[in-house]
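Each remark here refers to the structure printed beneath this line.
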Amino acid sequence: MSILLWFCCILLSSVTVTRTNSITDEDAAQGYLAEHNSTAEEVYYTATVAAWNFNTNLTDYNNEVMINESIKASEFDLLSRGEVEKYNWTSFSSDTKRQLEKIYYIGSSALEDDDLLRYNQVLSEMETIYSTATVCEEDDPHTCYYLEPGLTEVMANERDYNRLVWAWNGWRNSTGPHMKDLYEEFVDLANQAALENDQPDMGAYWRSWYEVDDLESDVLALWKDLLPLYEQLHAFVRGRLARHYGEEYVSQKGGIPAHLLGNMWAQQWNNILDLVTPYPDKPTIDVTDEMNRQGYDVDRMFSISEEFFVSLGLKATPDEFWEYSMLTKPDDGRDVVCHASAWDFSNRKDFRIKMCTEVNMEDLLTIHHEMGHIQYYLQYKHQPVIYRGGANPGFHEAVGDVLALSVSTPEHLHEIGLLEEVVDDYETDINFLMSMALEKIAFLPFGLLMDLWRWEVFEGKVTKENYNERWWQLRNEYQGVVPPVPRSDLRMDFDPGSKYHIPANTPYIRYFVSFVIQFQFHEALCKAANNTRELHRCDIYRSHEAGQLLSDMLSLGESLPWPEAMQRITGKEEMDVAPLIQYFQPLIDWLKDMNEKEGNTVGWDNHWRPPADEWIEPFCAANGGRGDCDQLCTDLGDSFSCSCFDGYMLDNDLLTCIDIDECMEDVCDKICFNEEGSFHCACPAGEILDGDGVTCLSDQIADEALAEDFLTKYNDMAQGVYFAQVLTEWDYNTDVANVEKQNQMLEQSLITSAFEQEARTNASKFDRSDFEYDTNRQLEKLLYIGSSALEDEEELQKYNELQAEMETIYSVAKVCELDDENTCYPLEPDLVNVMATERDYERLLWAWNGWRDATGPYMIESYEEFVELSNKAAEANDQDDMGAYWRSWYEVDNLEADVMQLWGQIRPLYVELHTYVRRRLSQVYGQENVDLDGAIPAHLLGNMWAQSWGNIIDLVVPYPDKPSIDVTDALVEQNYTAIKIFELTDQFFIDLGMEAVPDSFWTDSMLEKPDDREVVCHASAWDFYNGKDFRVKQCTEPTMDHLITAHHEMGHIQYFLQYKDKPVVYRDGANPGFHEAVGDVMALSVSTPEHLSKIGLLDNIQENDYETDINFLMSMALEKVAFLPFGLIIDLWRWRVFSGDYTPDNYNDKWWDLRLEYQGVAPPTARHGGDFDPGAKYHVPANVPYIRYFVSHVIQFQFHKAACNAANVTRPLHRCDIDGSEAAGRLLSDMLMKGSSVPWPEAMEAMTGTREMDAEALFEYFQPLYEWLKLQNDENGDNRGWDKAWRPPEYLSTGKATMSSSMLLFLSLYVSIVLFNH
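Following the working numbering, the numbering of the sequence shown begins with 1 at its first residue and continues without gaps.
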């Protein structure tokens, strides 16, 4: 099935349109058409995304979003219709006229707003009923099955008559009756829409798409020619089924019981091939067993189909197809629409398939069918939106099936290794043709009668009172099938609703047309491929000539009437059954002969029914099951009794039902309103209606059970909403220059914010004063929703735009060579490598200065506005400013005082390290550049931000003749790749008895920088909130720094894995610093010489060697201790920005004041008023709070000490390696799995035995180095601390490295695009 959504593909009516408006300028019309096409792509894309999200996650929320987006698309269609009405196109060229006419006819979009909303709601309700229906075992109501794969497999494989009745009957009872009233309402709305499109009813509107005078006569004429073939097949199959089930159940002269044909709707019969194979001793071509034997999976099945199209010289599917399609049924508890469908997202690059694929031959052929739709999309994507459809709807369905005709041949199955040998004899040929006939010929009457029934319904010839009766009349007349048990409109049966295309409102005659014309296409393509075999053995695989012929037709889309497209490929303009007859001629002859030999009656008695006690004509049969009753009729054998629906009672005549005025009976607590057949209650101001719909309660709900129910529902919905949010953020971060993906992210952010606002509103309705601690904590977390609390949608949208804009500026920035603006470098890996490895003062200055000039100045104005909006959000979260809101996450009275107390503990160690490093750098760069009493120039510390100094270990190593633990060279020599680094990291966690990452981590993560697009390289770990999708994004290089970073990010992943079963509000660290610490705890073990030696990256470690120990501790201090003041000052600066203490005119001055005061580093060049150096650090434009990293760098040593104690390690703390200790792993897991369900002091106590953050463990780790540093600094006579007034000699220079003109142009265009699109 192709998703040709109403709002996307509005097809041509056969009525000629004449408008009275006077614009006759065709150039103006063509200008409008170009504008319409551009806007339509955006509108339809958004609507299709919403429809996809609903179909792949059937939640009320997604349903609401889909309906809203569909309405927006309909509004666009209606506006477009108004625009084209302005033109008098009678003298326009045929192409311009055709496009305008297609825009004029807009299907359901022509409805008035309220009717359109209801139309979409009814469709959605019916589709949800269908997609969520289950059938339960008769003796076990807790064991239930969805249609796919459960009931579908029963119908295909079961051979027990009664078991098949259970599945067949159960599915119809679970679907149709629940939507029958809805369908009646839908028909009325659909017909209103048809009238607005100049057609008498919706059936006529559908038929108008085929641009012929009388489609119904045309298809019935085709059927007349096909009926003899179908009757022969029916007679033979019925005879074989009678042998198997007995003539009591299968009459040799009657219709076939519909549940015995291997398919829920008896539409195709190939699943009963085992019962009807002409020559059982000869091979059949069902290769399902062989596919399973060879270990086929879904990806391989789709790849085989893809390869077939490519072999013809046709287009390959884009990467988005493989990334976004839903090719298997999700196992995460989501309800989805399993019915296979192909989707065109109208943006010329996003095409997807939704299919709950199973490994069998039937699904392999279905894949080719759906991939045919995708190929059609790819071929006509260059056409205007209005032409992106099949030449007629049947063309679209035929394309994949044409390929499947080749794929089904024994020759092709042998070619791709699924059939061991091709047996070329008559009997094998008949077996093959029988298998094809069970799929193709058996389908034809079903493909016809579906819309014959709907056309009569839309026309008013069939009403709700006889929906089901007429359905089975047509099925008996055309298909020769009968229901196995009584079906009746009396019981509200609605068996058409058990077929997806009825509730989904997908016209079906296209499939009948497709099953005819695909053989015309097949014959033409076989001729183009110079095939000399019989038509049923033709395989066009690898024929570029056939591919070119097909491509020429597909690329037309619906830009021409379909007879012209048919002429292009077949040489004739008519639909013709002759090629189909030719294909099956050997089987036709065989069937005639066999039926005559076996005495099989051709045709069927329309009155025969299978045995069933209920096949007695009810007394109430008249008037659609009501007899003489007004509403309900009960048959009593020789009489009847009447009754009424709820809300009515029998009048004195015992036939008529009259309304009950329930309000006379005091049914409501406070206020009652009577309605026809019902009533509703209301409450006075200040009270709300209870869940019983009757009782009035205070606005504040004190019922904890209701709160728990709300939280359960919230959790279910939140997982879907946050999955969608994180997915769009991932897509943007891994393609950051893609404005379209940014727009998708921004749009989803608004949806997420709306969801959070609604959750907040609902959570605030509860009086939590007497609730249990856990319920209270969950509700409280829902009240504080960050930026989502911005109630003004424009402000919220602007907030998201500003953040995305700043992040994009950061991520696409490059620094160009001073003498060659065409040679430019991104931050990662190029500039990062310069800062890490370069030792030339001026070259470092170029990189350092250039990065700041390429980032901060372009975002400073945005950041000022961002701060204002952030503070508005904070106030909406009951905090004075955003800094206070961030600090509130730590659940302590005064976080700033706490971290300053920790800094007081740590500062002596940092000052000793700073003093020592400064002297060594002075020796390298000279005292004129590094003063022994001054701050250190910020560009000399091996890192773009001087946040960690590990890259200058070669300059400051205490004992150069002793081994270093920088294993970068070893990683390179041993050919470590990104995958190998992460596999090593994953194994470390596994050896602790912790969770391994799921398979999807390896397929979906971005572990290396792509060559083909800009990405946010900053390493990060991602939780997609569905309990199974966790990813890392990192531009990994084979360096020790990245090895450690990998452990850090995998620590986040491990945290995600441990708390994935918690409610969504608890899926976070005990405090933000906990999350950052977990991976670093592992890195403390991984960094030890012992561990690096164990994994083969370090040779010749020396036990108990003091100098080697000091070298190791120095390398660790350059990473851990050097970072601490930087980890502190970023948020000290932001807290004061948010509080208003720092203002835009002194942002940069205050930034450097803090860096001088706490870090003792100075800018190497003068910084100016327009500079914004905080923006050169990712976490500022990305708005990631940073104090968590300071906290992490303290508590990781507390965790490390506790884990070492659990592992019974007796070595000094800095040489402890917990690798392989399941006891340490259990201790850590016990803390991680709590998530944020308890305040962090409780989690800390569970791990460490103390409730406080404390730097004592950090000091214990570095104690040997601390003593050594004091001794060295004393011997050198160096002053501790730094002169804040000293500046490097370059400081007065005003020279700046610049971005290239092309980069400047990109940024200006980028901002313009963002503003234009929003």
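By construction, the Cβ of each residue, glycine as well, lies at the ideal position given by its N, Cα and C atoms.
Residue i and residue j closer than 7 Å at C-beta
i	j	result
M882	A876	no
Y1059	R1067	yes
D628	G176	no
N88	T24	yes
D669	T695	yes
Y541	S406	yes
I1218	S1085	yes
F1024	V726	yes
V385	E842	no
W851	A1176	yes
E558	A391	yes
I965	S749	no
A340	M361	no
N833	V1016	no
V1081	H1200	yes
Selected residue, minimal CA-CA separation from residue i, among the options
i	options	result
D709	D767, A110, T775, D646	T775
C578	D286, M264, D201, L229	Going by the sequence as given, residue 578 is Ala instead of Cys. Closest option to A578, Cα to Cα, is L229.
F521	L580, G497, K499	L580
C1321	T1003, L378, P1038, C672	Not covered by the structure: residue 1321. The range shown for the chain is 1 to 1318.
N1273	P1288, H914, K1150, A1203	H914
V1184	R1167, F1112, S870, E928	S870
K97	A29, D703, P1212	A29
E397	N68, A1243, L554	L554
I1130	L941, D1029, V899, H1168	V899
Y508	G460, L535, R454, T463	R454
K1009	F988, E995, R1031, A978	A978
A763	A612, Y773, Q700	Q700
Element boundaries [alpha helix (DSSP H), containing residue i]
i	result
P1010	No alpha helix (DSSP H) holds P1010; DSSP gives it neither H nor E.
S1139	1124–1139
H680	Premise fails: H680 lies in the beta strand (DSSP E), 678–682, not in any alpha helix (DSSP H).
W168	161–196
N1148	1147–1154
P1072	1072–1086
I1110	1106–1120
G400	393–407
V892	Taken as a continuous stretch (DSSP letters only), V892 belongs to no alpha helix (DSSP H), as it is neither H nor E.
S305	298–311
Residue range of the beta strand (DSSP E) that includes residue i
i	result
E817	814–817
V1032	1030–1033
H142	140–146
V1319	With the chain covering only 1 through 1318, there is no way to say anything about residue 1319.
G634	Correcting the residue identity first, residue 634 is Thr in this sequence and not Gly. Here the beta strand (DSSP E) through T634 covers 632–635.
Y825	820–826
heavy atom of the ligand GDP below 6 Å from residue i C-beta
i	result
H680	The model depicted lacks the ligand GDP and carries no ligand whatsoever.
Cross-strand partners of residue i (DSSP beta bridge)
i	result
Y648	D659
K354	M326, S341
A40	Beta-bridge pairing links A40 to no other residue.
W1022	R1031
A1162	P937
M1006	K1033
C672	C681
M1220	First, the amino acid is wrong: residue 1220 is Gly here, not Met. Answer by DSSP bridge pairing: none, since G1220 is not bridged.
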